[in-house]
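Chains as they are written, first to last, in this note's numbering: chain A, 186 to 295; chain B, 45 to 157.
Right, here's the structure in full:
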């Protein structure tokens, strides 16, 4: 079946620290991969995506590379800000059924 | 530019009551879906629709009904609410292909007592 496993949180970092949130997946075929972000009290917002192997998605300083050989799509940011505090979800969709990871809560302290 | 609009934002139901969560989008998206979000479990797909008149079950459909009479609207009905249905419900839509990504509504927080 199709599933996503992402690192458990919570993750607490100081401002300007380097961020990595691990995400691995299991899928049949060639899924598209996504990172979504959820700020308190809001719905999920698409952060970045990649639709084929070796693609790199990027947005707002965040990056993730679609690695088919390791079935991974790790989220990275070189220097986090307090405003990046949120819950981050990795997701995949090979078809009409988008599957989400459990979410990783990030807190960035000044 | 409303995107996906969900109503109500909050709701408290008694066990056994029924209600409908509303979802409307103004982007002419063919695909719409309902998810529930529970702590530590991410989002789980309840039902989805690939166009008006077409619906299908997702991962956790029991206790919920949907219909899609128009492209814009995709209501979710709870037939007889149970405490296990206490959750945050999100409606989402997308255009075209699965690789396009979803637009989410702001959610409905439902408590069943």
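Even glycine gets a Cβ: it sits at the ideal position worked out from N, Cα and C. Nothing here was measured: the structure is a model prediction, and the numbers come from that model.
Identified DSSP bridge partners for residue i
| i | result |
| --- | --- |
| residue 188/A | 211/A |
| residue 229/A | 223/A |
| residue 243/A | 248/A |
| residue 198/A | 293/A |
| residue 121/B | 64/B and 109/B |
| residue 137/B | 76/B and 147/B |
| residue 270/A | Note: residue 270/A sits in no beta bridge, so no partner. |
| residue 131/B | 154/B |
Residue i burial status per 10 Å Cβ neighbour count (16 or more: buried)
| i | result |
| --- | --- |
| residue 258/A | buried |
| residue 286/A | buried |
| residue 127/B | exposed |
| residue 60/B | exposed |
| residue 53/B | exposed |
| residue 224/A | exposed |
| residue 188/A | exposed |
Anticipated Cβ contact below 8 Å, residue i with residue j, distance rounded
| i | j | result |
| --- | --- | --- |
| residue 136/B | residue 156/B | Actually they are not in contact, since the Cβ atoms of residue 136/B and residue 156/B sit about 22 Å apart, beyond 8 Å. |
| residue 242/A | residue 262/A | So it is not a contact: roughly 13 Å between Cβ atoms. |
| residue 269/A | residue 233/A | In fact, because the Cβ distance is near 13 Å, the residues do not count as touching under 8 Å. |
| residue 81/B | residue 134/B | 6 Å |
Reference residue i; option with closest CA among the options
| i | options | result |
| --- | --- | --- |
| residue 109/B | 121/B, 103/B and 98/B | 121/B |
| residue 166/B | 118/B, 84/B and 70/B | With chain B running from 45 to 157 in the structure shown, residue 166/B is simply not present. |
| residue 230/A | 153/B, 154/B and 145/B | 145/B |
| residue 69/B | 98/B, 49/B and 133/B | 49/B |
| residue 278/A | 294/A, 270/A and 210/A | 210/A |
| residue 95/B | 132/B, 77/B and 85/B | 77/B |
| residue 220/A | 208/A, 213/A and 226/A | 208/A |
| residue 202/A | 266/A, 254/A, 240/A and 272/A | 266/A |
| residue 200/A | 264/A, 272/A and 235/A | 264/A |
Which runs of the beta strand (DSSP E), 3 residues or longer, sit entirely within the segment 47 to 106 of chain B?
48 to 51, 54 to 57, 63 to 69, 75 to 81, 87 to 95 and 98 to 101
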